[in-house]
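Residue numbers (our numbering), protein chains in the order written: chain A, 15 to 371; chain B, 10 to 268.
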């Protein structure tokens, strides 16, 4: 089989917050940019975030994720970015070619630079009953309620008190489900206190220091057993949905396929492509941004995306190096602010270790 | 004049609220967030040292406009108004639930844990029926609860406590990799034998993650089980060899009649 190979300037893989911001920055200085995304809508995870965002006003804080997605997408369209949706990248080959499964056909492109902004995937847990219908990632439940408008069940138990677990618990409640509790092995809430506050004031109890024992049911989930770590007492929750919000791992298999050097950083979610503060990977001209470069917040993904876009534009000759460095420095300053809080300490340290390698 | 952060500002809010509504901010963690400061036209909310500083309120200049209540992503700002007197206070809370709460109707005021405080009349509803807007509900409660109210609920039923059960028997075995039919106990056996010290080797031998789903379900748990069971000094944390296609694709696409 031989396919014609289309020449492109900059290819951005993933139309989430990082990809859209990367495309915008590069297009703004005159690059010809193409974005591909496997979903039929741009925005990535922002498209299912119906809550208002944290961050600074610069990152659209106070706005809802869906609104931010629409704005970023609109900005890209205004600059003439070529956005190809429902298109999955199947491979990133060492000769520089990229194979895309587009709506009508398979195609090959050969871009001058590639930004990998593919996001992250949810981690799972193995325990008795984890294969029962009704056991799902919290992100999956969020996609069901906020994109497809389908309630996955009527009684939900959430595992994980990080921001994802707390936010999705609240949104399940908004969608009409009953949330019977949030369970976490940790002794304190892992997410922001204000998110926990929203959930608790709705009467949802948070069981800290508790671990999941098993999920049971015949044809689907019926009950979940949870153990108090300290005294071994076991609680039985009747539930038809068990949501797992136990972290994410960077989705960077495309970078690995392209032989980018991979580094393990637990705080960033697992293996990530090595990259500098300029978001260049060990393989030129491949760049990485957003959760694919280490799982953090959406506002961080946006800023990293902007940096990747600028670096790619520089290497494609659309920006001189002085100007590029200046723009990156301004963004780096905002990134430092975003990562200044105690919640980001581990991630910041991991990123700094990475940059220094 | 300096504002005060967290609960330190509440006494001042209590004092000043006899003159009308004042913002009560229940946000004291260092998180990167500043829309309240941006929203306050009075300049009464200030983040003193960068975006992670908790907001400080200057209760003297706060005019109780409620813009910060509506925009706070953490829904952590409220209004307290004691100007109506007769031992009553009006508390305004942000609201994004679907319960039918009507102006003039009765609802529950609840505290931060969702505990019932008082039943009260809803005296103001704003932003209702406008998609994307956060509703603001004002409820009238006895003055002593003014600083405690964190939510308003229709009389939704309260959750029953989960039942405590006898400790269960030892964990039965269960499927780890569904596609290749590998049980959890078998996988752990392979890891603890210690012959395979990298994930790719473990995967090749056990076949976990090499079936139909190509590891989409079990790759992350395979990694965490490997990290949990394989001694650190022995193992290599290396990447799997990734090959195209990384997403499922129809064979006809790769070599169909028109391929």
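The C-beta atom is built at its ideal place from N, Cα and C for all residues, glycine as well. Since this is a predicted model, take the numbers as computed values, not measurements.
For residue 10/B and residue 71/B, what's the separation of their Cα atoms in angstroms? Note that residue 10/B has pLDDT 49, beneath the 50 cutoff, so the model's placement of it is unreliable and the number below is only indicative. Cα to Cα, the separation comes out at about 13 Å.
On the DSSP bridge assignment, give the partners of residue 90/B in chain order. 99/B
Return helix, strand or coil for residue 16/B, following the three-state DSSP convention. helix
Residue 268/B, DSSP secondary structure in three states: Because the pLDDT of residue 268/B is 44, which lies under 50, any placement of that residue in the model is unreliable, and the question is left without a value.
Please name the residue in 281/A, 255/A, 262/A and 315/A whose C-alpha comes closest to that of residue 144/A. 255/A
Cutoff 7 Å: residue 10/B Cβ touching any chain A Cβ: Because the pLDDT at residue 10/B is just 49, under 50, the model does not fix this residue reliably, and the value given afterwards should be weighed accordingly. With 7 Å as the cut-off, residue 10/B does not count as an interface residue toward chain A.
Along chain A, which residues have their Cβ under 7 Å away from the Cβ of residue 176/B? Those are 246 and 248, listed as they occur along chain A.
Close beta carbons around residue 333/A, own chain, < 8 Å, minus the five adjacent residues each side: 43, 324, 327 and 341
Check residue 296/A in the structure and name its three-state DSSP category. coil
Give the list of continuous alpha helix (DSSP H) stretches no shorter than 4 residues that lie fully inside the region 164 to 246 of chain B. 193 to 202, 208 to 215 and 228 to 238
Note down, in chain order, each residue of its chain lying with its Cβ closer than 8 Å to the Cβ of residue 247/B, except the 5 sequence neighbours on either side. Its chain contains 207, 208 and 209 as the residues whose beta carbon lies nearer than 8 Å to that of residue 247/B, once the 5 sequence neighbours on both sides are disregarded; these appear in chain order.
For a contact meaning CB atoms closer than 8 Å, what does residue 184/B contact in chain A? 145
Where does residue 10/B fall in DSSP's three states? With a pLDDT of only 49 at residue 10/B, under 50, the local geometry of the prediction cannot be trusted, and no value is derived from it.
Per DSSP, the bridge partner or partners of residue 224/A: 242/A
Between which two residues does the beta strand (DSSP E) harbouring residue 373/A extend? Nothing can be reported for residue 373/A, as the shown portion of chain A is limited to 15 through 371.
CA-CA distance, residue 98/A and residue 124/B? Their backbone Cα atoms lie some 50 Å apart in a straight line.
Is it the case that the region 266 to 277 of chain A contacts the region 227 to 247 of chain A, given that we only count it when at least three CB pairs across the two stretches are under 8 Å? no
Residues of chain B with CB under 8 Å from residue 271/A, in chain order? 251, 252, 253 and 255
Using a Cβ-Cβ cut-off of less than 8 Å, give me the residues of the region 220 to 240 of chain A that come near chain B, in sequence order. 227, 228, 239 and 240
Secondary structure of residue 21/A, DSSP reduced to three states: strand
Excluding the 5 residues flanking residue 282/B on each side, which residues of the same chain have their C-beta closer than 7 Å to its C-beta? This structure cannot settle anything about residue 282/B, because the visible part of chain B is limited to 10 through 268.
Output the boundary residues of the alpha helix (DSSP H) element that contains residue 206/A. Segment: none, residue 206/A is in no alpha helix (DSSP H) and carries neither H nor E.
Check whether the Cβ atoms of residue 61/B and residue 354/A lie closer than 7 Å to each other. Taking the C-beta atoms as reference points, residue 354/A is found nearer than 7 Å to residue 61/B.
Near residue 239/B, what residues of its chain come up, given a Cβ to Cβ distance below 6 Å and the 5 sequence neighbours on each side ignored? 200
Within the same chain, show all residues whose beta-carbon is closer than 8 Å to that of residue 268/B, passing over the 5 residues directly before and after it, in chain order. Bear in mind that the predicted position of residue 268/B carries a pLDDT of just 44, short of 50, making it unreliable; the figure below should be weighed with that in mind. Excluding sequence neighbours, residue 268/B sits near 261 and 262.
Taking the alpha helix (DSSP H) that residue 126/A falls in, what are its first and last residues? Unbroken run through residue 126/A is the beta strand (DSSP E), 120 to 130; no alpha helix (DSSP H).
Using the rule of at least 16 other Cβ atoms within 10 Å of the residue's Cβ for burial, across every protein chain shown, is residue 320/A buried or exposed? buried
Using 8 Å as the Cβ pair cut-off and three pairs as the minimum, do the region 150 to 162 of chain A and the region 213 to 228 of chain A touch? No: fewer than three Cβ pairs fall under 8 Å.
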